[in-house]
Every structure is written in C-alpha cells, then in structure tokens.
Amino acid sequence: MRILVIGSGAREHALLLALSKDESVNELHVAPGGDGMSDLAVCHPEWQGAAIDVEDGAQITALAQALEADLVVVGPEIPLVAGVGDALREAGIAVFGPSKAAAMIEGSKAFAKDVMQAAGVATATATRIESADHIESVLDNYGPHYVIKDDGLAGGKGVVVTTHRAEAEAHARSVIAAGNPVLVESFLDGPEVSLFCFVDGETVVPLLPAQDHKRAFDHDEGPNTGGMGAYAPLPWLPEDATERIVREVCEPVAREMVARDCPYSGLLYAGLAWGADGPAVVEFNCRFGDPETQAVLALLKTPLAEVLAATAEGRLAQLPPLQWHEGAAVTVVLAAEGYPAVPRRGDVIHGLGAVDYRGESYVLHAGTKRNDSGEFEAAGGRVLNAVARGSDIEQARAKAYELIESLELAGGHYRSDIAAKAQQGEISI
Ligand code: GLY
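If you read the sequence shown in the numbering used here, its first letter stands for residue 573, the second for the next number, and so on.
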C-alpha cells in the first residue's frame, strides 16, 4: 500500500511509525511532514514551487494522484473541516477522515450538542453567545465553575475552566473579539477520559482509553495547552467503561450521523468526564488526539494500515478485534520556552542521538526543523515527545522520563507528573 499522511506533528509522526511497521505498506509520504520524520516517509512541504496548503482539497488531491496513493490519512482537524476528505473522495481516492459535514462534530460545538441531544447522549448544558452584550447575563446562570469555550477550532487551547468569574468573562470577551461565538457550559465533574474509536457508518471499534494532561505545569496548574503528556490505558477506570462509552455515547452518535445523512467515517475522539453516573461528553474531535495517540499507538499490535484502509473503504465490520500489547505507554511532551503563550523558536536541541524506533522508547518530533548546520532546533510550541511502553505505568514512566531527561533544549519545559497519580493507584483528573 502507498499511503499519504497529512500533517506535521508528533501525532503524524506516531501514525507514520505505526504504518511503517505494517508489512502491507511499501511507501509512505507525508505533507507537509517535517525533518524529524523524513526517515520514515518522503516529505512534501511544497506543491508546484510553493508551500503546500493542507486545507486546499484540490492541491492535496493532485498530490495524492501524482503519488498514486492508495490511501490518504488526514491527521489534523483543520483540513477535515475545510473539506479535504470530500475533495479526495470525489476524485475516487480512499481517505481516512470524515467528510466536511461529519467533521462539524468538532468544527461546531453547537452542532455536536445538537447531535448529542438527538442521540440521547449525556453532556453538559450549554448556552451559545454571539454578542459581548449577553456575556454577563449568561454567566449569571452558571458557576461556581465556569467552562468557557471558543466555538471554533482552537487546537484544544480555546477552553478556560475557572471559578473566577472575571477570568471567565475576560476569556468570553476575547473569543468574541476574535470573531468566534462562545459556548458557556455547565461543569462536568469527574476525571477526563479520551476514547478514540474507528467509526465506519454504524460500526464502532474502540481503541484503548487514554488520558491527556492539558495544563502547562505540574499538579494541573497553569494555562491549558494542546496537551503536555498522556498515558494509556487507565487503570482506575471501571472494567466495563469502554463498553459503556461505546454503547452510551459513540454508537448512538454514529447512528444519529447516519440518520442525518452525514455518516461518519474515520476516527471519532470522545473527550469525556467519567462521573458518578458514568460517561458524559465534554467534546468530540474528528481526528486522533495529540498527544494521546502517541501512547495508544505504542500499544497497538494490529497492523494499522489495514484498519485505516478498512475504515476508509467501509469494511471495518469485517475486521477481527484489535490486538494490544500488555502493559502501559506514556508520552511526555517537551515544550519550548514560552509555550503555550508565545513559544520561542530557534533553540538547538541536544541529545537526540541516533533514532531507534525498534525499542520500547523513542522520540517523536512535534515542532522541529533542521538548521543550516544539520542540527534540530525548536520550530513550534510543542517540540518533542518522549514515548515509552513498559510492563506497567511505573516502567513506562521511568523509560519516558529517562529519555526526556537526556534531551536538552534551552528554556524547554515538561511536566514531571505525567501519569504519576495513576502510577500511585490514584485517579487523575
Ligand atoms: N489531546 C487534545 C486534543 O488532541 O485535542
């Protein structure tokens, strides 16, 4: 199989790594990709002499046709919400990722709420605000925890959860000033769970549950980020949790999407709070989560390409159950100084050494590039991921932290408590 992956972060690096281990794959391409993944795939940063535009369906289709790709795997949400999947499908190319209409499950939180309401799925109550004039009166009906969301694509960073009304109000005003509506939601109590499911029409196949650590600093302090680390599976989750999430959340949503004539095909990411009564949806995303994917795929034994191709081609129901490695996986993100506000770029990374993807721990590139001297330097907020698999969380953590401690990036920072509570047998939020 010849596969083109769209994207450039550590999630795409993890996808390429998993695909590269699948014997049915004989050629891997990535657009735009990045220098750190050029050992696994041919990178296509340009198209016809200009920087490639991953939101441009015609360009991505032309590239896929030029490469004679058998399958295109779209990593990030922005091309999906822009309709890149539709352009590829219209050209007869198999694509892993939902249509523009189905990607609205992430692209519009109001659409997602409507689907959930129709499907009878538990979620927070919400009020949408389009004018700054209504912020104060809406906030009067919420609290003491305020959940304020940017009702647009914000890469996981548009949410503020606070007990300070002034902070809630300020965030709502800044979102509206930036031209997006705001969603004010009731607070869902309970630890967060990310469950990714392959979905093909009404067929839903769950991966292992994972947990992201969203705040920038240890002990869940500091601003929200795109994710500072993750682990899988979740030892504190009840044994029937995945089955319940599939039955109570993902299958009803998949059926509702079919009923609306916008069947879902691709990866449905359910972001949930596991409360006293079980799962309630915080949000849906229309793609693999970052950095949870890096941990989840480290545990997947089943060759990935066949699952993605089967989903894209409508034959997911015919596949045997997914196979998993025993144990646990942890990913820890090394971020640049200033992340998530204004990350500093250009600092050289030391300690990367030779790449060995065959071991149980390895580095994935999130935001790096090679400089003129051939060294890797920081080129984004999240710079590198240290990923490790072990017989349990303790071993996976030890390996991931040993690896990240061997890296040097001036001003770089990482959380020291990824999966720490889970290791101690506690529930982390
Ligand atoms: N893990 C957060 C996200 O992918 O949006």
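All C-beta atoms, glycine included, are put in the ideal place defined by N, C-alpha and C.
Quick caveat: nothing in here was measured; it's all calculated off a predicted structure.
- DSSP places D722 in the uninterrupted beta strand (DSSP E) bounded by Y718 to D722.
- Assignment of L755 by DSSP, reduced to helix, strand and coil, places it in the strand class.
- Using a Cβ-Cβ distance cut-off of 8 Å, the region 767 to 777 and the region 839 to 848 are in contact, since at least three pairs of beta carbons, one from each stretch, lie closer than that value.
- Judged by DSSP in its simplified three-state form, D790 adopts helix.
- Nearest C-alpha to G762 among D723, E708, K685 and A845: A845.
- A842 is bridged by DSSP to L767 and F856.
- S709 carries a helical assignment under DSSP once its states are collapsed to helix, strand and coil.
- Annotated three-state conformation of S988 is coil, per DSSP.
- Segment contact: the region 608 to 621 against the region 584 to 597, three or more CB-CB distances shorter than 8 Å; contact assigned.
- Considering only A826, H585, S596 and G953, the residue with the shortest C-alpha distance to P875 is S596.
- Counting the other CB atoms within 10 Å of its CB gives H601 a total of 16 or more, which places it among the buried residues.
- Shortest Cα-Cα distance from V905 to any of E977, Y714 and L880 involves E977.
- In the structure shown, the three-state DSSP call for E618 is strand.
- For P824, the enclosing alpha helix (DSSP H) has its first and last residue at E823 to A831.
- Separation of the CB atoms of T903 and P863 is rounded to 5 Å, and the pair is thereby assigned contact status at 8 Å.
- Distances between the C-beta of N957 and the heavy atoms of ligand 1 are all 7 Å or more.
- Bounds of the beta strand (DSSP E) holding R954 are R954 to G962.
- Cβ-Cβ distances below 6 Å link A690 to E828 in the same chain, with the five nearest sequence neighbours on each side left out; the list follows chain order.
- As far as DSSP is concerned, S580 takes part in no beta bridge.
- Distances from the CA of A603 to each of Q620, A740, G621 and L635 were compared; the closest alpha carbon is that of L635.
- Out of I707, V818 and V868, the CA that lies nearest to the CA of P778 is found in V818.
- Ligand 1 approaches N857 closely enough that one of its heavy atoms is under 7 Å from the residue's Cβ.
- Spanning the alpha carbons of V719 and I1001 requires a straight line of approximately 15 Å.
- Residues D772 of the same chain have their beta carbon placed closer than 8 Å to that of R887, with the five preceding and five following residues left out of the count.
- Distances from the CB of S580 to the heavy atoms of ligand 1 are all 7 Å or more.
- When C-alpha distances from P805 are compared across P781, P795 and D812, the shortest belongs to P781.
- D784 has its CB nearer than 7 Å to a heavy atom of ligand 1.
- Relative to the non-hydrogen atoms of ligand 1, the Cβ of S766 comes within a distance shorter than 7 Å of at least one.
- I965 and G581 have their C-alpha atoms roughly 25 Å apart.
- With fewer than 16 neighbouring CB atoms inside 10 Å of its own CB, S963 falls in the exposed class.
- H743 and E855 have their C-alpha atoms some 19 Å from each other.
- The distance from the Cβ of S758 to that of Y714 is about 7 Å, consistent with a contact at the 8 Å cut-off.
- Partner residues in the beta bridge of Q783, as assigned by DSSP, are Y803.
- Distances taken from the Cβ of D862 to the heavy atoms of ligand 1 include one shorter than 7 Å.
- At least one heavy atom of ligand 1 lies less than 7 Å from the C-beta of G799.
- At a cut-off of 4 residues, the continuous stretches assigned as alpha helix (DSSP H) that sit fully inside the region 594 to 664 are 629 to 639, 649 to 653 and 656 to 662.
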